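Working notes, beginning with the structure itself.
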Amino acid sequence: SAFAAVDVNLLHRRMGHIGMDRLQRMVTKRQLQDIDTLTGTPEFCEPCALGKMKKLPFKSTGGKPSQAPPYKLCTQMLEDQSNQLPGKVFGTGLSL
Numbered sequence: 005s006a007f008a009a010v011d012v013n014l015l016h017r018r019m020g021h022i023g024m025d026r027l028q029r030m031v032t033k034r035q036l037q038d039i040d041t042l043t044g045t046p047e048f049c050e051p052c053a054l055g056k057m058k059k060l061p062f063k064s065t066g067g068k069p070s071q072a073p074p075y076k077l078c079t080q081m082l083e084d085q086s087n088q089l090p091g092k093v094f095g096t097g098l099s100l
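Each residue of the sequence shown is one higher than the last, beginning at 5 in our numbering.
Listed below in structure tokens is the structure:
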């Protein structure tokens, strides 16, 4: 079978955004069937950059915690027992 040259950026995406060094090593060691050369130059990959980002903690404002009482959300399961409707009829009630 003939060997092919494949664009490095295309193969990077198709291999699940594998690192460029590892991708080159796999091609050099002939671990990828029918691929012997990578063409092109590695470009910026936005999904890889986003995947490496870390969420920073919120900065403290230095103020006091809120003194407002916390809200409680209450739910109830209601059943219509008036027998005016066929079958069982259920509903929910919400209150703060």
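Glycine included, each C-beta is placed from N, C-alpha and C at the ideal position.
All figures in this text were calculated on a predicted structure; none of them were measured in a lab.
Here Leu42 is buried, its C-beta having at least 16 other C-beta atoms within 10 Å.
CA-CA distance, Arg17 to Lys63, rounds to 36 Å. Looking only at Asp11, Pro74, Leu77, the smallest Cα-Cα distance to Asp40 is reached by Asp11. For Asp11, the enclosing beta strand (DSSP E) has its first and last residue at 8–11.
Contact between His21 and Pro51 holds, with the beta-carbon distance rounding to 6 Å and staying under 8 Å.
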